[in-house]
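Input: a single structure, listed below in structure tokens.
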Amino acid sequence: MTYRQASYDEPLLFEIDSVETCTGDPLSSTKIPDKLKRKSLDIPNLPEREVMKHFVRLSQMNFSVDSGFYPLGSCTMKYNPKINEQIARDRRATCLHPMQDESTVQGSLQIMYELEEMLCVIGGVDAVTLQPAAGAHGEFTGLQIVRAFHEDRGEHRKEVIVPDTAHGTNPASAAMVGFDVIELPSKNGRIDCDALRSIVGDNTAALMLTNPNTLGMFEEDVLEVAKIVHDAGALLYYDGANFNAILGRTNPGKMDFDIVHFNLHKTFSTPHGGGGPGAGPVGVRKELEPYLPVPRIMKEDGRYRLSYDHPKSIGKVRAYYGNFGVLLRAYAYIKSNGGDGLCEVSTRAVANSNYLRNRLESVLELPFGGKRMHEFVLSGDKLKGKGIRTMDMAKRMLDYGVHAPTIYFPLIVGEAIMIEPTETESVQTLDGFVSVIESIINEPAETVRTAPHNTSVRRIDEVRAARDLIFNYKSLVEQRQREEGRKDLAGR
Amino acid sequence: MLPPKILEVLGISSSDELFDEIPEAARVKGLDLPCGLAESELIAEIDAILSKNKTMDDMPTFLGGGVYRHFIPALVNEVLSRSEFYTAYTPYQPEASQGMLQALFEYQSFMSELTGMDAVNSSMYDWSTALGEAALMCSRIRRGSTFLIARSVSPERKAVLKTYLRGIEAKVQEVNCDRGSGRLDINDLRSKLGEDVFGVYLENPNYFGVLEEEVDEISSSIGETPFVVGADPLSLAIVRPPSDYGADIVIGEGHHLGTGPNFGGPLLGVFGCRKEHIRKMPGRIIGSTVDAAGRMAFCMTLQTREQHIRRDKATSNICTNEALMAVAANAYLATLGRDKLITIANLNVEKAGNLSQRISKIAGFESPIFKASHFNEFVIRCPKPVDAVGRALIGHGVHGGIQLKEDFPEFGEAMLLAVSELHTEEDLKALVRGLEAIR
Numbered sequence: 001m002t003y004r005q006a007s008y009d010e011p012l013l014f015e016i017d018s019v020e021t022c023t024g025d026p027l028s029s030t031k032i033p034d035k036l037k038r039k040s041l042d043i044p045n046l047p048e049r050e051v052m053k054h055f056v057r058l059s060q061m062n063f064s065v066d067s068g069f070y071p072l073g074s075c076t077m078k079y080n081p082k083i084n085e086q087i088a089r090d091r092r093a094t095c096l097h098p099m100q101d102e103s104t105v106q107g108s109l110q111i112m113y114e115l116e117e118m119l120c121v122i123g124g125v126d127a128v129t130l131q132p133a134a135g136a137h138g139e140f141t142g143l144q145i146v147r148a149f150h151e152d153r154g155e156h157r158k159e160v161i162v163p164d165t166a167h168g169t170n171p172a173s174a175a176m177v178g179f180d181v182i183e184l185p186s187k188n189g190r191i192d193c194d195a196l197r198s199i200v201g202d203n204t205a206a207l208m209l210t211n212p213n214t215l216g217m218f219e220e221d222v223l224e225v226a227k228i229v230h231d232a233g234a235l236l237y238y239d240g241a242n243f244n245a246i247l248g249r250t251n252p253g254k255m256d257f258d259i260v261h262f263n264l265h266k267t268f269s270t271p272h273g274g275g276g277p278g279a280g281p282v283g284v285r286k287e288l289e290p291y292l293p294v295p296r297i298m299k300e301d302g303r304y305r306l307s308y309d310h311p312k313s314i315g316k317v318r319a320y321y322g323n324f325g326v327l328l329r330a331y332a333y334i335k336s337n338g339g340d341g342l343c344e345v346s347t348r349a350v351a352n353s354n355y356l357r358n359r360l361e362s363v364l365e366l367p368f369g370g371k372r373m374h375e376f377v378l379s380g381d382k383l384k385g386k387g388i389r390t391m392d393m394a395k396r397m398l399d400y401g402v403h404a405p406t407i408y409f410p411l412i413v414g415e416a417i418m419i420e421p422t423e424t425e426s427v428q429t430l431d432g433f434v435s436v437i438e439s440i441i442n443e444p445a446e447t448v449r450t451a452p453h454n455t456s457v458r459r460i461d462e463v464r465a466a467r468d469l470i471f472n473y474k475s476l477v478e479q480r481q482r483e484e485g486r487k488d489l490a491g492r
Numbered sequence: 493m494l495p496p497k498i499l500e501v502l503g504i505s506s507s508d509e510l511f512d513e514i515p516e517a518a519r520v521k522g523l524d525l526p527c528g529l530a531e532s533e534l535i536a537e538i539d540a541i542l543s544k545n546k547t548m549d550d551m552p553t554f555l556g557g558g559v560y561r562h563f564i565p566a567l568v569n570e571v572l573s574r575s576e577f578y579t580a581y582t583p584y585q586p587e588a589s590q591g592m593l594q595a596l597f598e599y600q601s602f603m604s605e606l607t608g609m610d611a612v613n614s615s616m617y618d619w620s621t622a623l624g625e626a627a628l629m630c631s632r633i634r635r636g637s638t639f640l641i642a643r644s645v646s647p648e649r650k651a652v653l654k655t656y657l658r659g660i661e662a663k664v665q666e667v668n669c670d671r672g673s674g675r676l677d678i679n680d681l682r683s684k685l686g687e688d689v690f691g692v693y694l695e696n697p698n699y700f701g702v703l704e705e706e707v708d709e710i711s712s713s714i715g716e717t718p719f720v721v722g723a724d725p726l727s728l729a730i731v732r733p734p735s736d737y738g739a740d741i742v743i744g745e746g747h748h749l750g751t752g753p754n755f756g757g758p759l760l761g762v763f764g765c766r767k768e769h770i771r772k773m774p775g776r777i778i779g780s781t782v783d784a785a786g787r788m789a790f791c792m793t794l795q796t797r798e799q800h801i802r803r804d805k806a807t808s809n810i811c812t813n814e815a816l817m818a819v820a821a822n823a824y825l826a827t828l829g830r831d832k833l834i835t836i837a838n839l840n841v842e843k844a845g846n847l848s849q850r851i852s853k854i855a856g857f858e859s860p861i862f863k864a865s866h867f868n869e870f871v872i873r874c875p876k877p878v879d880a881v882g883r884a885l886i887g888h889g890v891h892g893g894i895q896l897k898e899d900f901p902e903f904g905e906a907m908l909l910a911v912s913e914l915h916t917e918e919d920l921k922a923l924v925r926g927l928e929a930i931r
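Line order of the protein sequences matches chains A and B. For what it's worth, our numbering labels the leading residue of the first sequence as 1, then goes sequentially. For what it's worth, our numbering labels the leading residue of the second sequence as 493, then goes sequentially.
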């Protein structure tokens, strides 16, 4: 094995020598009234050279899609085409204030309007809002629409049903909008229509579903599910986290969903930014359009404008219109792929996933039989006998220059390993990943249990972090002083 | 076309077989979208569209209200271009993601210093959703049905707050601001406080750019009720940290620390709180710890508050946040350093004061309408309908400020003007000339 991640004893910025920059303290010459004047500010003055070195070193201690294979299930870590970055960094995109007169932002409004139209086609929906900042924010928005829809009809339905395989954001979003969450147990990894019939009723506001589900299995009964939900007067919500599997093959509208959110930072290749920004546009069928957040983007006589006059709207879910920088990247991605290109995306994503699954199901266990779509979930249960847990296996993968898959999710699979290769990886990379897993299984258990060995730092004590609660440099210094004090006492 | 090796291993002849579990009735045949564009075509097409925009560089612009154009050191863009940062996911495997984690820990440290809060999370979507989340957090700290906010809060944020509070069926009540000073009316606050109030929100500087000088009196009136303060972190370089006057939660907007106005997104929601409330806080938080060899290391912590563990009992649904924006803010603050940051903040106060005075000398204009200390913004009153003033200015190649008439009719034909260190003498003159031409 030759992989080594960069490892520096890189100090915190606050530990780098601060320099004098001027004579006299600029804080003393401020025109803030005395009652509000700040007394001290403890921030270092650093030479630019030191700052750049610091950030380059930090970047080298960070695994990313551009560094290697990143099969993080449900996160769709595909390659982010560089042209999209170049386009999104254009001053004509970044240097606009959201309150500028509409006549001065026609270009940006056009991009958003056309992106909405393209997402309508892709999602099989009638109207889209681009405002939500993330997938979970899209869920929040969609569920606000569910609530407004029922209330508008004089109904106060209190329950949202989520399958036990659902992303954690589904129940969390439902609770945030004031719904009670009812968990639907799955059967052989899929929705159990009989179980659904037994819990759906007059109090059901919506069912949230992702299809394919988080096991990577297509819910074949989706049309039956839709009928059960609709017959009860409830709405069907599509969590678009797994949209990469179905582009151009089916769509939420065609599957009879009423509301859908898209994760532009998954399906449409906008980079994740180490945690964000993302974008989670929401699409709805015609009947629900009046409830979308304001403003809506309208086109009249070739001019674009923002429209606020929608009395049934749920209002605003964030300031302004959405994460435009992310929207523009997704726009560029859809434009460069075109309709055919996007169909190839899902085809290759599903093919890559099935290829890996075929090669790995004899190495580890694959719970639940049948086909898989863009991702699949293995169980590491059988390694427990060797004293290796999925967590250890994941950490050991890092030593080979591969990011670990999503682990311990979904909750219904023991020692779950959720793998999503995406369409942008070559057969060579997939084969390399299989070799990595085969090697790890044959390694001495001790090597795996004590992994990682080749990353910037060794296995991290997460329990200590949760106990010490050190969230900033100041607390860290105080902790060090306490520890020094204890050492001094012990030394006496 | 799939590689032959894949077809062979899967034992299929056509890719259609991969999708045969999709019921016939739910299938679609492709996407009705135009053909894909080559890179050069894409550049040309988007270039043509973007050229319809007029940027804040193209015309002197005086819009603010939470989104600003400030100087961006070249280093920040260089850091943001490191694809090791921007193509990573949330650091779920901390051993391989120390760079991002340390950068976010440093961001938290800077923001803790500026706000005075014990814990700052690693970002929310924007200031407005930070406000929504702060109000929900207050409801976890204290029972009640009413959330009090100053009238001098941005309409954008008020609207978002209303949406966020729908889930707990709480109501928002406004506390008046003093018509002369633009500051919070403390008597009105006292009259509205009570058993059913579970939180109070005040911005400092407020939406009108006015500094709330009576924060100590306000804080003592509020007493034990959770107190949320919204602030521009840049102002906190020279203004007392809200921890000083009893804030339990501090929120704000941080996009302008290192990135552009971005047409309103992405932004950076700042969110911090006192130690005793940490377990009720939303969002990702980075903690320091050690690795197996005892070296300094970082990881996400207190994840038991979060949706992927607690599901419907989580403190928030937030998953994807604005981490890269936090890295930008970190790089910005590190590059400027203490002295330049203070100097820039001072410059904003001075330029705003200077412009305000010049406008006060134009016949018919009242500037500033509030007799108070301001940060980087101030409100003027125009002798003509403010929308006509805005249009006339655009005719002169200048973009005026935010028009307040619709949201704050009590102030008449009012406009909120924002100034930053980037406004040149020429920019200020252009605005003054534009206003002088209005008669």
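Just so it is clear, CB atoms sit at the ideal spot from N, CA and C, and this is done for glycine as well.
Query, Result
"A:GLU220 - DSSP class collapsed to helix/strand/coil", "coil"
"Per-residue DSSP class, three states only, for B:HIS891", "strand"
"Beta-carbon proximity check, A:GLY107 vs B:ILE541, cutoff 7 Å", "yes"
"Cβ-based contacts, 9 Å cut-off: residues of the segment 320–345 of chain A near chain B", "TYR320, TYR321, GLY322, ASN323, PHE324, GLY325, VAL326, LEU327, LEU328, TYR331, ALA332, ILE334, LYS335, SER336, ASN337, GLY338, GLY339, ASP340, GLY341, LEU342, CYS343 and GLU344"
"Proximity test, Cβ basis, 7 Å: A:GLN110 and chain B", "yes"
"Cutoff 7 Å: A:ASN358 Cβ touching any chain B Cβ", "yes"
"Residue-level contact to chain A via CB, B:LYS876, 7 Å cutoff", "no"
"Span separating the alpha-carbon of B:ILE836 from that of B:SER727", "10 Å"
"Which listed residue (B:ARG931, B:LEU909, B:GLY892 and B:GLU913) has its alpha carbon closest to that of B:MET551", "B:GLY892"
"A:GLU375 at chain B interface by Cβ criterion, 7 Å", "no"
"Proximal residues of chain B, C-beta to C-beta of A:ILE314 below 9 Å", "THR655 and ARG658"
"Listed by chain order, chain A residues near B:THR827 by CB distance under 8 Å", "LEU46, GLU48 and VAL51"
"Assigned secondary structure, B:CYS527 (DSSP; H/G/I helix, E/B strand, else coil)", "strand"
"Identity of the residue in B:GLU513, B:PRO583, B:PRO565 and B:MET773 nearest B:THR812 by Cα", "B:PRO583"
"7 Å Cβ cutoff, A:LYS481 in contact with chain B", "Looking at the sequence provided, one finds Gln at residue 481 of chain A rather than Lys. No, no contact with chain B."
"Minimum length 4: unbroken alpha helix (DSSP H) runs contained in the segment 604–644 of chain B", "619–633"
"is_contact[A:PHE55, chain B] using C-beta, thresh 7 Å", "yes"
"Presumed contact (8 Å Cβ cut-off) between B:SER486 and B:GLN600, rounded CB distance", "The structure shown does not extend to residue 486 of chain B, since chain B spans only 493 to 931, so no value can be given for it."
"Every unbroken beta strand (DSSP E) within the segment 776–863 of chain B, with a cutoff of 3 residues, ordered by chain", "777–782 and 788–793"
"CA nearest to the CA of B:GLY715, picked from B:GLY722, B:LEU703, B:ALA739 and B:PRO725", "B:ALA739"
"Closer than 9 Å at the beta carbon, the chain A residues around B:TYR578", "SER64, ASP66, ASN80, GLU85, PRO271, HIS272, GLY273 and GLY274"
"Minimum length 3: unbroken beta strand (DSSP E) runs contained in the segment 314–389 of chain A", "376–379"
"Contained alpha helix (DSSP H) runs [length at least 4] in the segment 650–719 of chain B, N- to C-terminal order", "678–684 and 707–714"
"B:MET907 at chain A interface by Cβ criterion, 7 Å", "no"
"Three CB pairs or more closer than 8 Å across the segment 314–321 of chain A and the segment 221–230 of chain A", "no"
"Segment limits, beta strand (DSSP E) that includes B:CYS765", "761–765"
"Selection of the segment 577–597 of chain B by Cβ proximity to chain A, strictly under 9 Å", "PHE577, TYR578, THR579, ALA580, TYR581, THR582, PRO583, TYR584, GLN585, PRO586, GLU587, ALA588, SER589, GLN590, GLY591, MET592, LEU593, GLN594, ALA595, LEU596 and PHE597"
"Any chain A beta carbon closer than 7 Å to B:ALA784", "yes"
"Completely contained alpha helix (DSSP H) runs for the segment 160–226 of chain A, where each covers 4 or more residues", "169–176 and 193–199"
"Best match in B:GLY674, B:ARG658 and B:CYS527 for proximity to B:ALA906 [C-alpha to C-alpha]", "B:GLY674"
"CB contact check: B:LYS853 to chain A, cutoff 7 Å", "no"
"Simplified DSSP state of A:GLY123, which is helix, strand or coil", "helix"
"Short CB-CB distance (under 7 Å) between B:HIS800 and chain A", "yes"
"CA nearest to the CA of B:GLY761, picked from B:ALA622, B:SER543 and B:HIS888", "B:ALA622"
"Residue closest to A:PHE218, alpha-carbon to alpha-carbon, out of A:GLY233, A:LYS158, A:ASP202 and A:ILE246", "A:ILE246"
"In DSSP terms, what B:GLU869 is bridged to", "B:ALA910"
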